[in-house]
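In my numbering, the protein residues as written are 7 to 291. Where a beta carbon is used, it is the ideal one built from N, C-alpha and C, also for glycine.
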């Protein structure tokens, strides 16, 4: 190896110590990353029904080496809905605090993050960071393990990405924002707009702009809808995974809350799960 030879050829022993130490740190980090990539690939193949023996045979590697992965902490196949890696980053929109003008997170979005943290950890993933989206709503969507809670009104970039969904989307007219089923033409206006304790939300796994993966997105017409989408995801995670696996999909969710406490009481599917390429959208109760 060229770097190894360079260290060997260094005449000063102190320089050799420094260079060898730096190289070892770099290689150890690379080995750890290769190990994570291998583990993630094995987990994905197992989620598709393959056994370790089958993976080893087809990949041309030792079964004994792959069997060592079984001793690692188990991660549920449902984790693929959040990330193909080992960590998750949450990005949430903010509003301007009256008086100070400082950006603050909606109470309902903070509750959604709490639900998502719990759900992500249940799959064996590790939440690592919460990012705050401030005007003009710019965000890097080309990242692994990204979960976004941000309405299109807060981010033109999000609005542009949602416009590519052939089935569902947000629209706005003189009466305000609503969710639109483009296949049926039906408009879903939030119950909250007519004084009722409920809201509607968009939930989906969408392609990254660079085409190298997906990001998970949820947002309500109003802030409580985002919390409702997170609750639906937590409750239906296993069934949802069985339906969509590692594909692109989207759906609409409805939720209701207690008028006094504003605690979400119910979250369920409003419009069917849509997967591009399927002849019909899937319905769940």
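Next on the checklist: In whole angstroms, give me the CA-to-CA distance for residue 129 and residue 37.
Outcome noted: 24 Å
Checklist entry - Can you tell me whether DSSP reads residue 129 as helix, strand or coil? => result coil
Checklist entry - Quick one, are the C-beta atoms of residue 249 and residue 227 less than 7 Å apart? => result no
Next on the checklist: For the alpha helix (DSSP H) containing residue 230, name the first residue and the last one.
Outcome noted: Counted as a single uninterrupted DSSP element, the alpha helix (DSSP H) harbouring residue 230 occupies residues 229-250.
Next on the checklist: What ranges does the alpha helix (DSSP H) occupy inside the segment 132-211, keeping only unbroken runs of at least 4 residues that lie completely in it?
Outcome noted: Counting whole runs of 4 or more residues, the segment 132-211 contains the alpha helix (DSSP H) stretches 162-168.
Item to check | Separation of residue 216 from residue 69, as counted between CA atoms | outcome: Distance between the alpha carbons of residue 69 and residue 216: 35 Å.
Item to check | Bridge partners - residue 223, DSSP secondary structure assignment | outcome: 154 and 210
Checklist entry - Where does residue 151 land, buried or exposed, given buried means 16+ other C-beta within 10 angstroms? => result buried
Item to check | Helix, strand or coil at residue 67 [DSSP, three-state] | outcome: Shown here, residue 67 sits in coil according to DSSP, grouped into three states, outside any helix or strand.
Checklist entry - Hey, out of 95, 178, 125 and 175, whose CA is closest to residue 139's CA? => result 95
Checklist entry - According to DSSP, what are the bridge partners of residue 109? => result 102
Next on the checklist: So, with DSSP's three-state summary, where would you put residue 90?
Outcome noted: coil
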